[in-house]
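> Residue numbers (the numbering used here), protein chains in the order written: chain A, 1 to 178; chain B, 1001 to 1178. Take a look at this one; I'll ask things after.
Protein chains: 2
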Amino acid sequence: MADPNRRRKIVDAARRVFAEHGYDKASIKLIAQEAQLKSSALIYWYFENKEALLAEILKVGVPLAQLGDVTPAFFEVPPEELLPRLLRMHLTAINDEEIEKIVRIFVPETIRNDSFQARFGEIVSPVFELIRYYMEMQIANGRFRPHGQVPLAWNSWPLSVRISLMRKVNMSKTYSTK
Amino acid sequence: MADPNRRRKIVDAARRVFAEHGYDKASIKLIAQEAQLKSSALIYWYFENKEALLAEILKVGVPLAQLGDVTPAFFEVPPEELLPRLLRMHLTAINDEEIEKIVRIFVPETIRNDSFQARFGEIVSPVFELIRYYMEMQIANGRFRPHGQVPLAWNSWPLSVRISLMRKVNMSKTYSTK
DNA sequence: ATGCAATTATTGATCGAACGATCAAGTTTA
DNA sequence: TAAACTTGATCGTTCGATCAATAATTGCAT
């Protein structure tokens, strides 16, 4: 057969099955079935193991490349313009089905699994580091007053905050920008 | 040996192991080890299966008997006295180690497991039904204005609210009643 | 184009480990 | 002696992972 999209289809199926059943209960055979493979062994040709499948979901699903085009001009945008823009980006992302599934996969695991916590944190932290640096710049140029240290590391967030990310929110009505 | 506390020790061990690892990953052998049993098969003499062990934790750990002594006088207590009292009861319960473990066992499971949701709801719902009835009484006697219907069923709660119950909160400083 | 070996892709069978649960055989207690 | 308890061995199932077998595709010399 040699479907050129085999690899992508497996990742898509895994994301769905992981999101619905959770990492542990999403068996390789169930993922294979969802991806319409005749044999679950085929997954092990494209991925080293189940964990690599999970890593791939994070890798292809969280386009941190968006952060790549941060120029010095970024830090000159005034807060009253940038902060709403960031919020709008956040709401757009959280409403994206794919992103939502990824969050639904990872957040529940972070309750008990530290390695999940670390892996998810690696994705989230750079974003907050950028915002933190932006805020420091605004303080430096006098647009904001100095403030006390705020813990920004992912694993220092209160559990309730982390978990609230899981809520299925319909933002379209409440936060429509039009 | 015939330890007269065998049954209770098994339940205590199960509560700890369930709370730490979650229901699925808390194996019978691990529970037996935590309870210092030589054989995990012994658990099956005291309990029919793993699920019965879980049910027992809820049964002995959530003293709904406290609701038993609700008299007509309960509904005469004015809201400005009763509501803080209920909050204080709630904070006390949530700070109790045993109760906290029970919450930590059940709430994560309710994210994906409907039967857990139903079972936990059976425990929680009566409390809310009581409060709902109290509020209706206050409306009836004119102490509160009528209001729209509020969904009180456990499974209608937003996920974020359900999950926030999981947070490990140190109330002693913030909410100390002196 | 054709043949053909090398590479890539796919399959069903099967492995070892872990799990919940059962059982017969034992020991202790009433 | 009967009932209550305890034990190690073992069952059947499921899981992630491996493997030898084939099949499909590709690269390349002719």
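Ideal placement from N, C-alpha and C gives every residue a C-beta, glycine not left out. Predicted model, so just to flag it, every value in this text is computed and none were measured.
#1: With DSSP run on the structure shown, which of helix, strand or coil describes Pro146/A?
#2: Can you pull out the residues from the segment 107-138 of chain A whose beta carbon lies closer than 8 Å to at least one beta carbon of chain B?
#3: Relative to the C-alpha of Arg15/A, which candidate in Asp3/A, Lys59/A, Trp45/A and Ile111/A has its C-alpha closest?
#4: Strictly below 9 Å CB to CB, what residues from chain B border Asp96/A?
#5: For Ser1176/B and chain A, any beta-carbon pair shorter than 8 Å?
#6: Residues of chain A with a CB under 7 Å from the CB of His1147/B: which are they?
#7: How would you write the range of the alpha helix (DSSP H) that Lys101/A sits in, first residue to last?
#8: Compare the beta carbon distance of Gln105/A and Phe18/A with 8 Å and say whether it is the shorter of the two.
#9: Would you call the CB atoms of Ala1026/B and Leu1042/B closer than 8 Å?
#10: Sort Phe1075/B, Phe1128/B and Ile1099/B by Cα distance to Arg1143/B and report the nearest one.
#11: Hey, out of Asn113/A, Tyr134/A and Asp24/A, whose CA is closest to Glu80/A's CA?
#12: For the alpha helix (DSSP H) holding Gln1117/B, just list the boundary residues, first then last.
#13: By the criterion of Cβ-Cβ separation under 7 Å, what are the contact partners of His90/A in chain B?
#14: Short of 7 Å in beta carbon distance, which residues of its chain neighbour Gly22/A, apart from the five on each side in sequence? Order them along the chain.
#15: Distance, Cα to Cα, Arg1008/B vs Ala1035/B?
#16: Check whether chain A comes within 8 Å of Gly1142/B, counting only Cβ atoms and requiring the distance to be less than that.
#17: Check whether the Cβ of Asp1024/B lies closer than 8 Å to any Cβ atom in chain A.
#18: For Ser1039/B versus Ile1028/B, is the C-beta spacing smaller than 8 Å?
#19: For Phe116/A, which residues of its own chain have a beta-carbon under 7 Å away from its beta-carbon, when the five flanking residues on both sides are left out?
#20: Going by beta carbon distance, what residues of the same chain come within less than 8 Å of Val1011/B, once the five residues before and after it are set aside?
#21: Take the Cβ of Val70/A as the centre, count every other Cβ of all protein chains shown within 10 Å, and call the residue buried at 16 or more, exposed below.
#22: Closest to Glu97/A by CA distance: which of Arg145/A, Val62/A, His147/A and Met137/A is it?
#23: Determine the burial state of Ile102/A: buried for a count of at least 16 other Cβ atoms within 10 Å of its Cβ, exposed for fewer.
Reading it off the structure:
#1: Per DSSP, reduced to three states, the secondary structure at Pro146/A is coil, with no helix or strand assignment.
#2: Pro108, Ile111 and Arg112
#3: Lys59/A
#4: By Cβ distance, chain B contributes nothing, its closest Cβ being about 18 Å from Asp96/A, past 9 Å.
#5: Interpretation of Ser1176/B is limited by its pLDDT of 28, a score under 50 that renders its predicted location unreliable; no figure is taken from the coordinates.
#6: Per Cβ cutoff of 7 Å: no residues; His1147/B is ~21 Å from chain A at best.
#7: Here the alpha helix (DSSP H) through Lys101/A covers Glu97 to Thr110.
#8: It should be pointed out that residue 105/A corresponds to Ile in this sequence rather than to Gln. Yes.
#9: no
#10: Phe1075/B
#11: Minimum Cα distance to Glu80/A is reached at Tyr134/A.
#12: Asp1114 to Ala1140 is the span of the alpha helix (DSSP H), which, as asked, contains Gln1117/B.
#13: Here the premise fails: no neighbours, minimum Cβ distance about 16 Å.
#14: Pro108
#15: Rounded to the nearest angstrom, the two C-alpha atoms are 10 Å apart.
#16: no
#17: yes
#18: no
#19: Around Phe116/A: Phe106, Glu109 and Thr110.
#20: Leu1053, Glu1056, Ile1057 and Val1060
#21: exposed
#22: Val62/A
#23: Here Ile102/A is buried. Its C-beta has 16 or more other C-beta atoms within 10 Å.
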